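Notes to accompany the following structure.
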Amino acid sequence: MNRTISIAFGAIAALTLLGGCSYIRSKFGAGKDDVYRNSTQARPLEVPPDLDAPNRSGTLVIPEPSAANVAGPVDASAPDAVITPNAAPPLAAAATAGGDGLQVADTLANTWRRVGLALERSGVATVQSSDEATRSYDIRTTGVTTQSPGWFKRAVTLGMARDKKVSTPVNLRVRVGGTDGASSVIIEGASTASDINAARQVLDTLRQRMN
Numbered sequence: 005m006n007r008t009i010s011i012a013f014g015a016i017a018a019l020t021l022l023g024g025c026s027y028i029r030s031k032f033g034a035g036k037d038d039v040y041r042n043s044t045q046a047r048p049l050e051v052p053p054d055l056d057a058p059n060r061s062g063t064l065v066i067p068e069p070s071a072a073n074v075a076g077p078v079d080a081s082a083p084d085a086v087i088t089p090n091a092a093p094p095l096a097a098a099a100t101a102g103g104d105g106l107q108v109a110d111t112l113a114n115t116w117r118r119v120g121l122a123l124e125r126s127g128v129a130t131v132q133s134s135d136e137a138t139r140s141y142d143i144r145t146t147g148v149t150t151q152s153p154g155w156f157k158r159a160v161t162l163g164m165a166r167d168k169k170v171s172t173p174v175n176l177r178v179r180v181g182g183t184d185g186a187s188s189v190i191i192e193g194a195s196t197a198s199d200i201n202a203a204r205q206v207l208d209t210l211r212q213r214m215n
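Just so we're aligned: the sequence shown equals residues 5 to 215 in the numbering used here.
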């Protein structure tokens, strides 16, 4: 009798324990896991289908080459393919040395005016007067004269004295002659070696300025 009662109480206790475990598991175990599983925040991220494929929109599509964009080979023999630099304008009124003066390919009037401008701007000589009727300029420039020491100075200095160059004023006349298109510029009035050197210096300056 006592054994039967003990078995009955054990069965009731076992059922009670099993029911309590099921209740506890439903409240704190498997049920809790289902709550987290069903939560929106716990769901895995889903990659949109348009992010795992290349963009095929028109903004990223490279256009096909067209005939206007494709540069063909350049024919070097074609006139348009030859680059020619700008040619310098010819010197229509050049001054060249000739004899004791200059030859200028210009009219007499233009040559006379050009000579006056060259004399004034170069500073090689000072224009004292000008005559358009005779197409001439009276100028004053500077010549160099070499002075040698005399015998007395050489004797005193025991031959150590040297030649000395002295600047002297020189008066000359610049005249324009010839014909239109073949003008000539000559210098008159040079009589000494100093005058001749000064005249040559003036002619060289005119040639450089009038070219």
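Beta carbons are placed, not taken as given, at the ideal position from N, Cα and C, and that holds for glycine.
Note that the structure is predicted; figures quoted are calculated from it, not measured.
Where residue i and residue j are concerned, what is the direct C-alpha to C-alpha distance, given to the nearest angstrom?
{"i": "Ala109", "j": "Leu123", "result": "19 Å"}
{"i": "Ile191", "j": "Pro173", "result": "16 Å"}
{"i": "Ala202", "j": "Met164", "result": "29 Å"}
{"i": "Glu136", "j": "Gly154", "result": "47 Å"}
{"i": "Val210", "j": "Lys169", "result": "Per the sequence shown, residue 210 should be read as Leu rather than Val. Taking the straight line from one Cα to the other gives about 25 Å."}
{"i": "Val206", "j": "Arg166", "result": "28 Å"}
{"i": "Val128", "j": "Ser152", "result": "27 Å"}
{"i": "Ala113", "j": "Arg204", "result": "23 Å"}
{"i": "Ser134", "j": "Ser140", "result": "6 Å"}
{"i": "Arg118", "j": "Asn215", "result": "10 Å"}
When you compare the CB positions of residue i and residue j, do they come within less than 9 Å of one another, or not?
{"i": "Thr130", "j": "Arg144", "result": "yes"}
{"i": "Gly105", "j": "Val189", "result": "yes"}
{"i": "Asp199", "j": "Thr111", "result": "no"}
{"i": "Gly182", "j": "Gln132", "result": "no"}
{"i": "Asp142", "j": "Leu176", "result": "yes"}
{"i": "Ser187", "j": "Thr138", "result": "no"}
{"i": "Gly193", "j": "Ser171", "result": "no"}
{"i": "Ser126", "j": "Arg179", "result": "no"}
Starting from residue i, trace the alpha helix (DSSP H) both ways and give me its first and last residue.
{"i": "Asp208", "result": "Ala197 to Met214"}
Any idea what DSSP makes of residue i, helix, strand or coil?
{"i": "Ser152", "result": "coil"}
{"i": "Thr115", "result": "helix"}
{"i": "Asp144", "result": "It should be noted that the sequence gives Arg, not Asp, for residue 144. If DSSP states are grouped into helix, strand and coil, Arg144 belongs with the strands."}
{"i": "Glu192", "result": "strand"}
{"i": "Arg179", "result": "strand"}
{"i": "Ala137", "result": "coil"}
{"i": "Ala186", "result": "strand"}
{"i": "Asp79", "result": "At Asp79 the pLDDT is 47, less than 50, meaning the model places this residue with poor confidence and gives no usable figure here."}
May I ask which residues mark the beginning and end of the beta strand (DSSP E) holding residue i?
{"i": "Gly105", "result": "Gly105 to Val108"}
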